[in-house]
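These notes are about the structure you will find just below.
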Amino acid sequence: MHISPFFAAATVASLSIAAYGAPVSSGLLSDSVVRLIEQRLDQSATDTWTAGTAMEALLELEYPSCSVFSSSPYPPPSDVTPSKVQSLVETWASERPSGTSQLAYVNGGAAGDPPALGIGWLVAAAFADPATNATYMSQAKQQVEYLLDVVPRSADGAISHRPPDEPVSLWADFVSMVPPFLAYFGVATSDQSYLSEAYNQIKLYRNHLKSDSGAWKHIVLGDGQDPGLWNTGNGWAAYGSLRVLATMQNSEWAGEFTSEMGDLTAWVQEIVGAAFQKIKSDRLLPNYYDSASGSSFSDASGSALLAASAYRLAQLTGDTSFVSKADTVRTAVFAAVDRSTGWLAPVVNPLSFKAQANQSPEGEAFVLLLQAAYRDYAAGASARRP
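Just so we're aligned, residue 0 is where the sequence shown starts under numbering that gives the first Met the number 0, counting upward by one.
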């Protein structure tokens, strides 16, 4: 599936933070470079998880009042309409087979990937007419029920990332696809239990995937196991956990989730701390942190997501201990964007975890997430200065 148009080339007028569009000397990418990145993402984000990550990038960068990092509860404020996200959801919804319970159906695809579309789906529902709202909410509920009632689980209850006809398999990637959607669905439907389940799934996944260093293994159980400490997998785990933390923090039940929010904070600190111990001389992170995996080339893609995680951690919790290293990585990531094409390189091939590539839809989305995360952190830090 190719979704077009994806991003308009015009300067976005809906940003609530004026720092966006500041010159590169501010530490941010220029508007023209961001537009190039958006165009490359338009061309390449055709899978469910990349499209869902692109929606997340749109919400955070162009419609920040509609993202989970905004203090606004669901439904989002009506003063800004996330038209680009609406357009994306309309396209995916129009191509959704009537016989599926998932937001999108891909033959042989992961059970944990279509939920990546879920937050965009719920945001679009909030701005839709009553009939479309009912349809979108019904589809989101079907997706949740499919995850909770149909997809198999490990012996201790971790939902498999793979479909029901395959052995249970736990991927670090899952943490950015499923728990954030479950948590946001809970806020959208005023049902606290879904936020609890989002936390529970991250806890279970951590129990299976955390290594002694604090970094997470990539895949355990089932077919195609990868016990290596994959850079992008650690980014997925950290950023997904932060999105759940933000959803809890801004929900009506924040006072009841004090312990859970403390855990999520500590778990992200573990991941980011372990990752930043591996920063290379070129200021990027290696594709795998462990030498046994035999894939140590510099990966700007996962580096972008982990730097974004450090800024969001600081924004949400006040822990600025990783900001200096995040600044180092961010500078290297932004320098790795080709100013003539918008492509970020070097990057890992998202479909071949130990292979280097020159283009990645994930990488393009992660750069936009980093742009938004640094912008929001810097704006907050500036506001806190005496």
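Think of the CB as a built atom: it goes at the ideal place given N, C-alpha and C, for glycine as much as any other residue.
Between the CA atoms of residue j and residue i - distance to the nearest angstrom
{"i": "L367", "j": "I36", "result": "8 Å"}
{"i": "S137", "j": "A125", "result": "13 Å"}
{"i": "D375", "j": "A133", "result": "33 Å"}
{"i": "L312", "j": "Q224", "result": "30 Å"}
{"i": "E255", "j": "V143", "result": "23 Å"}
{"i": "E196", "j": "A273", "result": "26 Å"}
{"i": "S351", "j": "A291", "result": "17 Å"}
{"i": "D289", "j": "A265", "result": "22 Å"}
{"i": "A127", "j": "A377", "result": "33 Å"}
{"i": "E259", "j": "Y193", "result": "13 Å"}
Cβ-based burial, residue i [other Cβ within 10 Å; buried from 16]
{"i": "T45", "result": "exposed"}
{"i": "V149", "result": "exposed"}
{"i": "T257", "result": "exposed"}
{"i": "V23", "result": "Confidence in V23 is poor, its pLDDT being 40 and thus under 50, which makes the residue's placement unreliable; the coordinate value appears in the next sentence. Exposed."}
{"i": "N106", "result": "exposed"}
{"i": "D298", "result": "buried"}
{"i": "I330", "result": "Strictly speaking, residue 330 in this sequence is Thr, with Ile absent from that position. T330 comes out exposed."}
{"i": "N233", "result": "buried"}
{"i": "S64", "result": "buried"}
{"i": "E94", "result": "exposed"}
{"i": "P129", "result": "exposed"}
{"i": "S339", "result": "exposed"}
{"i": "E269", "result": "buried"}
CB of residue i within 9 Å of CB of residue j, strictly
{"i": "N357", "j": "P349", "result": "no"}
{"i": "L208", "j": "K202", "result": "no"}
{"i": "A364", "j": "T52", "result": "yes"}
{"i": "V328", "j": "I278", "result": "yes"}
{"i": "V177", "j": "L146", "result": "yes"}
{"i": "G117", "j": "A139", "result": "yes"}
{"i": "P163", "j": "A110", "result": "yes"}
{"i": "P81", "j": "L102", "result": "no"}
8 Å contact criterion, which residue i and residue j should meet: CB distance rounded
{"i": "G227", "j": "Y135", "result": "G227 to Y135, Cβ: 38 Å. No contact."}
{"i": "A301", "j": "N199", "result": "The sequence shown places Gly at residue 301, not Ala. G301 to N199, Cβ: 26 Å. No contact."}
{"i": "Y310", "j": "Y373", "result": "5 Å"}
{"i": "A171", "j": "A236", "result": "5 Å"}
{"i": "V347", "j": "S308", "result": "V347 to S308, Cβ: 17 Å. No contact."}
Residue nearest to residue i in terms of C-alpha spacing, selected from the options
{"i": "P360", "options": "S31, W48 and S29", "result": "W48"}
{"i": "S71", "options": "V186, G254 and G213", "result": "V186"}
{"i": "A115", "options": "F173, P74, P129 and Q85", "result": "F173"}
{"i": "A380", "options": "Q314, F180 and A237", "result": "Q314"}
{"i": "E55", "options": "V332, R242, G156 and D281", "result": "R242"}
{"i": "V271", "options": "L169, L304 and L244", "result": "L304"}
{"i": "V84", "options": "W342, Q355 and E61", "result": "E61"}
{"i": "T389", "options": "I158, S86, S168 and H160", "result": "Absent from the model: residue 389. The displayed extent of the chain is 0 to 385, so no value can be given."}
{"i": "S66", "options": "Y104, D128, W91 and P179", "result": "P179"}
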